[in-house]
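> Dropping a structure here in structure tokens format, bear with me for questions.
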Amino acid sequence: MKIICIGRNYAEHAKELKNEIPTEPVFFMKPDTALLKEEDFYLPDFTQDLHHEIELVLKISKAGKHIEEQFAHKYYNEIGLGIDFTARDLQTKAKEKGLPWEKAKAFDNSAPIGNFVSKETLKLNDIHFELKINDQSKQIGNSKDLIFSFEKIISYVSKFITLKVGDLIYTGTPEGVGQVKEGDKLEGLLNGKSFLKLNVK
Ligand code: MG
Numbered sequence: 000m001k002i003i004c005i006g007r008n009y010a011e012h013a014k015e016l017k018n019e020i021p022t023e024p025v026f027f028m029k030p031d032t033a034l035l036k037e038e039d040f041y042l043p044d045f046t047q048d049l050h051h052e053i054e055l056v057l058k059i060s061k062a063g064k065h066i067e068e069q070f071a072h073k074y075y076n077e078i079g080l081g082i083d084f085t086a087r088d089l090q091t092k093a094k095e096k097g098l099p100w101e102k103a104k105a106f107d108n109s110a111p112i113g114n115f116v117s118k119e120t121l122k123l124n125d126i127h128f129e130l131k132i133n134d135q136s137k138q139i140g141n142s143k144d145l146i147f148s149f150e151k152i153i154s155y156v157s158k159f160i161t162l163k164v165g166d167l168i169y170t171g172t173p174e175g176v177g178q179v180k181e182g183d184k185l186e187g188l189l190n191g192k193s194f195l196k197l198n199v200k
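All letters in the sequence shown, in the order written, are residues 0 to 200 by numbering that gives the first Met the number 0.
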């Protein structure tokens with residue numbers, strides 16, 4: 000399986016990192032070794048500024064290429080919550096030099112994933128999600144604020160890359176990204192229910 004991540008998909012987050020609001024989806028990838036299903040996350044030693052990015056995640060349920068936007072809803076069946084961990088210091092350096100982001104984004108365990116729920120149980124254009132750290136709210140988002148819809152993302156990415164069953168698409172983070180530190184306890188909530196827990200070690 001592969002992990003596809005959408006960048007700059009919420010206007011307020013694009014602004015907080017001083018990025019332009021994109022006119023087409025921005026995406027990058029993480030390898031399967033980035034996936035973390037356990038609750039313990041160990042801070043890597045190559046960054047001094049590891050940032051949390053809470054994101055809604057689509058689980059691909061049908062293989063496809065060149066998927067038309069109007070049919071894209073048939074290609075995912077579940078939605079969950081994940082974190083797109085980002086070594087912001089490494090990413091900033093890479094961006095300055097016009098280099099790829101892999102060191103900052105694709106390292107082992109950089110994609111914690113929580114529970115999923117059938118998309119049929121959700122109002123897809125009104126999914127509320129939140130990241131709390133040590134019981135304090137840090138990021139709040141809602142799918143109604145997506146710049147590019149789930150369907151648009153699936154259609155766009157599948158022009159370049161064949162989607163396969165089990166692939167995950169991290170759909171972008173809302174504003175409020177920030178640093179995580181040793182000892183932090185992270186909790187991701189989807190429509191008020193706990194979907195993801197992480198202890199930073
Ligand atoms: Mg992200």
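Beta carbons are placed, not taken as given, at the ideal position from N, Cα and C, and that holds for glycine. Keep in mind it's a predicted model, so treat the numbers as computed, not measured.
(1) In angstroms, rounded to a whole number, what distance separates the CA positions of LYS104 and ILE2?
(2) Does the region 76-83 come close enough to the region 166-184 to have 3 or more Cβ pairs within less than 8 Å?
(3) With 16 other CB atoms within 10 Å as the buried threshold, where does TYR41 fall?
(4) Check for me: the beta strand (DSSP E) holding VAL199 runs from which residue to which?
(5) Does the Cβ of ASP83 lie closer than 7 Å to at least one heavy atom of ligand 1?
(6) Confirm the yes/no value for this check: CB of THR172, any heavy atom of ligand 1, distance under 7 Å.
(7) Buried or exposed, going by whether 16 or more other CB atoms sit within 10 Å of the CB of GLY140?
(8) Buried or exposed, going by whether 16 or more other CB atoms sit within 10 Å of the CB of ASN124?
(9) What does HIS127 pair with, by DSSP beta-bridge criteria?
(10) Starting from VAL156, trace the beta strand (DSSP E) in both directions and tell me its first and last residue.
(11) Please determine whether the Cβ atom of GLY177 lies at a distance below 7 Å from any heavy atom of ligand 1.
(12) Tell me which residue opens and which closes the alpha helix (DSSP H) that HIS12 is part of.
(13) Since LYS104 is in the alpha helix (DSSP H), which residue starts that stretch and which ends it?
(14) Tell me whether TYR74, by its Cβ, gets closer than 7 Å to a heavy atom of ligand 1.
(15) Taking GLY165 and ILE59 to be in contact with their CB atoms under 8 Å, please state how far apart those CB atoms are, rounded to whole angstroms.
(16) Looking at TYR169 and ligand 1, is the gap between the Cβ and the nearest heavy atom below 7 Å?
(17) If you follow the beta strand (DSSP E) that LEU162 is in, where does it begin and where does it stop?
Per the coordinate set shown:
(1) Near 11 Å, if we compare the C-alpha coordinates of ILE2 and LYS104.
(2) yes
(3) exposed
(4) 192-199
(5) At least one heavy atom of ligand 1 is nearer than 7 Å to the Cβ of ASP83, so yes.
(6) yes
(7) buried
(8) Classification for ASN124: exposed.
(9) ASN141
(10) Careful: VAL156 lies outside any beta strand (DSSP E), inside the alpha helix (DSSP H) at 149-159.
(11) no
(12) 10-15 is the span of the alpha helix (DSSP H), which, as asked, contains HIS12.
(13) Element bounds for LYS104: 101-104.
(14) no
(15) 7 Å
(16) yes
(17) Neither: LEU162 is in no beta strand (DSSP E) and is coded neither H nor E.
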